Amino acid sequence: MNTRADLAAAVATPSIAAYLDAARALRDGRYDLGPLRPLRVAIARAFTVELLLPYLGVECVLAGVRVETHVGQFGTYRQELLDPASSIFAFEPDVAILAIGAQDLVPTLVSDFLLRSPDEIAAARDDAVAELRSLAEAFRSTSSATLLIHTIPPPTFPAAGAGDRRLRPGQRETFEQLNQGIARIADQVPGVEVFDLAAHIAGAGQVGWEDPRFDLLARAPFAAKHLPGLARAYARVLALIAGVRRKCVVVDLDNTLWGGVVGEDGWEGVKLGTDYPGAAFSAFQRALLDLRQRGVLIAIASKNEDADVQRVFDRSEMLLKREHIASWRVDWRDKATSVTEIAEELGLGLDAVVFIDDDPTERALVSRILPDVEVPDWPREPAEFVQALHAIPSLDTLRITGEDRGRADLYRTEARREEHRRHSASIEDFLRSLELRAAVARVGPATAARAAQLTQRTNQFNLTLRRYSESEIAALAASPDHEVYVLSLRDRFGDAGRVALGIVAYTEEAARIEALLMSCRVLGRGVERFLLAHLAAAASSRAATVLEGTYTPGPRNAQVADFYSRHGFVPHASLPHRWSLDLREGGLEPPSWIVSEETTGVIGRQ
Amino acid sequence: MNALNGRLSGLVARVLDLPAAEVDNASADSTPGWDSLAHLRLLMAVEEEFGVSFSPDEIPELDSVRRIGDAVERLQNEKAP
Chain A
1 MNTRADLAAA
11 VATPSIAAYL
21 DAARALRDGR
31 YDLGPLRPLR
41 VAIARAFTVE
51 LLLPYLGVEC
61 VLAGVRVETH
71 VGQFGTYRQE
81 LLDPASSIFA
91 FEPDVAILAI
101 GAQDLVPTLV
111 SDFLLRSPDE
121 IAAARDDAVA
131 ELRSLAEAFR
141 STSSATLLIH
151 TIPPPTFPAA
161 GAGDRRLRPG
171 QRETFEQLNQ
181 GIARIADQVP
191 GVEVFDLAAH
201 IAGAGQVGWE
211 DPRFDLLARA
221 PFAAKHLPGL
231 ARAYARVLAL
241 IAGVRRKCVV
251 VDLDNTLWGG
261 VVGEDGWEGV
271 KLGTDYPGAA
281 FSAFQRALLD
291 LRQRGVLIAI
301 ASKNEDADVQ
311 RVFDRSEMLL
321 KREHIASWRV
331 DWRDKATSVT
341 EIAEELGLGL
351 DAVVFIDDDP
361 TERALVSRIL
371 PDVEVPDWPR
381 EPAEFVQALH
391 AIPSLDTLRI
401 TGEDRGRADL
411 YRTEARREEH
421 RRHSASIEDF
431 LRSLELRAAV
441 ARVGPATAAR
451 AAQLTQRTNQ
461 FNLTLRRYSE
471 SEIAALAASP
481 DHEVYVLSLR
491 DRFGDAGRVA
501 LGIVAYTEEA
511 ARIEALLMSC
521 RVLGRGVERF
531 LLAHLAAAAS
541 SRAATVLEGT
551 YTPGPRNAQV
561 ADFYSRHGFV
571 PHASLPHRWS
581 LDLREGGLEP
591 PSWIVSEETT
601 GVIGRQ
Chain B
1001 MNALNGRLSG
1011 LVARVLDLPA
1021 AEVDNASADS
1031 TPGWDSLAHL
1041 RLLMAVEEEF
1051 GVSFSPDEIP
1061 ELDSVRRIGD
1071 AVERLQNEKA
1081 P
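The listed protein sequences correspond, in order, to chains A and B. So the first sequence is numbered by our numbering: it starts at 1 and just counts up by one. So the second sequence is numbered by our numbering: it starts at 1001 and just counts up by one.
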């Protein structure tokens, strides 16, 4: 039985006959394609789209969708979208495509452009957008299907020729504005998506995309050589509408993320940077970062020594930093195992994963053992990597949400800590590998609110359980015999923010800790020790000779009952829950794995 | 049958989904699947295969495999030096 890869190979050299053969083979069930999402697509149109259909069927399958199409009557798109009894609605589509051209929508902007006044041009543009919008609204009132509209390619040969860019308004400029208006309809009418046909045509080659002969004969505007690319672009959008979207790309390292093999060429020898071939790998990294910023997780599966890999990641030419990687598997196990573990760690199904490797053997292994993982063919030439990455439809997106922008950051933090915990030989190695950096600062007006919030919300790691309002904190901070300290923590995964607080009252020779607390998010990293050492040092610098601490038992803070004892404080001779530390004996050592960052007097950032 | 005709027959069979035996004498009139859409598709495929470009005038007239073959031959000869 033929697979999807065979189908891709059958149309790798695109020709009409190859696509027709493939479309028939699909129809006759001669391919075993695994799960495909069904999608019913109705096309309301003003021109001949039938020539595109065999290409569309094949390209949709390659993008993970099985389409069934219905084509509306020629040139009656308005009636068909407005009439609830039309064949478009009778087909009960999942998606309706509105396929119209500039001639249909904005004839005024196509002919005699130089005779039109600016007002006339603006009115034609705005009327066209308004008409499309009202069609979209009418459609929405009848059907819950997605409506796919497209932008209108500007004229290949503007009326003003080379002077179009200087014209006010220019013809291309007017089409750009028209297309902006069309795109905005998708914001205004729910369930409307936009296919940027104008951008597709510009990318495919504006000159020659139309074949005027077939347009004149049969209103079949698209030149034959552009039909495969156009079908592919439509298929990509349809697949995204159908929900074929993958969330994670697992990349190999050697000869994929950088040039050469780190185990042979050394960390300093692998190719990166501004010269070929290093520049090609850097460009690929840049493209991966773009994907990450729109919500795709980047993971690494590599057969290597981790130490070698880490040294490459230390190189400044690495655009992809450690913190960009959601999950790592750098070891000598097979890649199918690594990919499986990565998916588990990130809580994703294998059908959400794309695997990229320069080695065809690794690709074959992963696609055979894990058929749900998408394993694109990968070019040998690194200069082609960026294009190959963007050719993967399931990593594309129709719109970017705020959630998309933050997703990669959300995942990376916990996944990487977990991975390090697993791989670290000892807990101290783990803590060291986190690259913790702490800063302690006295509270100022900008941070009093957060300090108060910490005292109110922290129940477990809280020695005295005293709650303070923002104004109380501000008053203590301004008082000459009190200090309020707040600790901010960062590690290689990100900024944890202000997570611990200490309030100290100073008398003549003694410093008394009135509050000491820490957010449970950062338990187990030695942060409390760091803060305590800081308090001791601060007290010494104010000539205190003793640092006193108390513990107030509460329902949930038993874990800190022996906190002071564990840090070398001496219990009070008679009073319970009181300890003291003699500062003349040299204070406290902070944990060696936390780097102290420059502290200014007051933490500024809110 | 020359090489051009052999290639053309194979192409027509694929595009119109015809058995090879019926191709050589096929025409729009006598072939059920050869409608106006198939006609466009076939001529586009022929242009693609042979690297020629028909004029809009002759496209409607190329309604049999024989006529298409003649037109291709003529266009190729015009192209050749």
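Here a beta-carbon is modelled for each residue, glycine too, at the ideal position from N, C-alpha and C. Given the structure is predicted, the values throughout are model-derived calculations rather than measurements.
Coarse secondary structure for residue i, derived from DSSP in three states
i, result
"ARG405 of chain A", "helix"
"ASN462 of chain A", "strand"
"PHE530 of chain A", "helix"
"GLY243 of chain A", "coil"
"VAL1010 of chain B", "Sequence check: residue 1010 of chain B is Gly here, not Val. GLY1010 of chain B falls in the helix class under three-state DSSP."
"PRO118 of chain A", "helix"
"PHE91 of chain A", "coil"
"PRO107 of chain A", "helix"
"VAL312 of chain A", "helix"
"ASN2 of chain A", "strand"
"ILE100 of chain A", "coil"
"PRO571 of chain A", "strand"
"VAL560 of chain A", "helix"
"ILE325 of chain A", "strand"
"ILE594 of chain A", "strand"
"VAL440 of chain A", "strand"
"LEU320 of chain A", "coil"
"LEU581 of chain A", "strand"
"TYR468 of chain A", "coil"
"GLU374 of chain A", "strand"
CB contact check: residue i to chain B, cutoff 7 Å
i, result
"ARG37 of chain A", "no"
"ASP28 of chain A", "no"
"GLU176 of chain A", "no"
"ARG213 of chain A", "yes"
"GLU131 of chain A", "no"
"GLU50 of chain A", "yes"
"ALA10 of chain A", "no"
"ASP21 of chain A", "yes"
"LEU25 of chain A", "Sequence inspection shows Ala at residue 25 of chain A; the Leu mentioned does not correspond to that position. It does not: the Cβ of ALA25 of chain A has no partner Cβ on chain B nearer than 7 Å."
"LEU611 of chain A", "Only positions 1 to 606 of chain A appear in the structure, and residue 611 of chain A is not among them; the question remains open."
Chain A within 7 Å of residue i, Cβ atoms only
i, result
"ALA1045 of chain B", "yes"
"LEU1075 of chain B", "no"
"GLU1048 of chain B", "yes"
Neighbourhood of residue i by C-beta, 7 Å cutoff - its chain only, sequence neighbours within 5 removed
i, result
"VAL192 of chain A", "ALA136, LEU147, ILE149, ILE185, ALA186"
"LEU431 of chain A", "ARG525, GLY526, TRP593"
"GLU92 of chain A", "ARG40"
"VAL67 of chain A", "LEU39, VAL41, LEU56, GLY57, CYS60, LEU238"
"LEU348 of chain A", "LYS247, CYS248"
"ALA23 of chain A", "PRO54, GLY57, VAL58"
"PHE281 of chain A", "LEU257, TRP258, GLY259, LYS271, LEU272, PRO382"
Contact list for residue i against chain E, beta-carbon separation under 7 Å
i, result
"ALA17 of chain A", "Absent from the structure: chain E. Protein chains present are A and B."
Own chain residues within Cβ distance below 8 Å of residue i, not counting five before or after
i, result
"ALA8 of chain A", "LEU62, ASP377"
Close beta carbons around residue i, own chain, < 6 Å, minus the five adjacent residues each side
i, result
"ASN1025 of chain B", "none"
"ALA233 of chain A", "HIS200"
"ALA474 of chain A", "ALA448"
"GLU362 of chain A", "LYS335"
"ARG511 of chain A", "A quick correction: the sequence has Ala, not Arg, at residue 511 of chain A. Counting only Cβ-Cβ distances below 6 Å, and skipping sequence neighbours, we find VAL504, ALA539, ALA544, LEU547."
Every unbroken alpha helix (DSSP H) within the region 263 to 305 of chain A, with a cutoff of 4 residues, ordered by chain: Taking only runs of at least 4 residues, the alpha helix (DSSP H) segments lying wholly in the region 263 to 305 of chain A are 278 to 293.
Beta strand (DSSP E) runs wholly inside the region 330 to 370 of chain A, at least 3 long, in chain order: The qualifying runs are 353 to 356.
Residues from the region 1050 to 1071 of chain B in contact with chain A, defined by Cβ distance under 7 Å: If the cut-off is 7 Å between Cβ atoms, the region 1050 to 1071 of chain B has PRO1056, ILE1059 near chain A.
Every unbroken alpha helix (DSSP H) within the region 36 to 76 of chain A, with a cutoff of 4 residues, ordered by chain: DSSP runs (the alpha helix (DSSP H)) wholly in the region 36 to 76 of chain A: 53 to 62.
Proximal residues, the region 1022 to 1045 of chain B versus chain A, C-beta separation under 8 Å: Answer set for the region 1022 to 1045 of chain B: SER1036, LEU1037, LEU1040, ARG1041, MET1044, ALA1045.
Whole runs of the beta strand (DSSP E) within the region 146 to 184 of chain A, excluding any shorter than 3 residues: Counting whole runs of 3 or more residues, the region 146 to 184 of chain A contains the beta strand (DSSP E) stretches 146 to 150.
Any beta strand (DSSP E) of 3 or more consecutive residues that is wholly inside the region 1015 to 1046 of chain B: Within the region 1015 to 1046 of chain B, no complete beta strand (DSSP E) run reaches 3 residues.
Start-end ranges of the beta strand (DSSP E) lying completely within the region 477 to 555 of chain A, minimum 3 residues: Taking 3 residues as the minimum length, the beta strand (DSSP E) runs contained wholly in the region 477 to 555 of chain A are 482 to 491, 494 to 506, 510 to 518, 546 to 550, in order along the chain.
Secondary structure, beta strand (DSSP E): runs of 3+ residues fully inside the region 1052 to 1078 of chain B: Along the length of the region 1052 to 1078 of chain B, whole beta strand (DSSP E) runs at least 3 residues long do not occur.
Interface residues of the region 208 to 237 of chain A facing chain B [CB-CB below 7 Å]: So the close ones are ARG213, PHE214, LEU216, LEU217, ALA218, ALA220, ALA224.
Complete runs of the alpha helix (DSSP H) confined to the region 187 to 261 of chain A [at least 4 residues]: List check, alpha helix (DSSP H) in window: 197 to 204, 212 to 218, 227 to 241.
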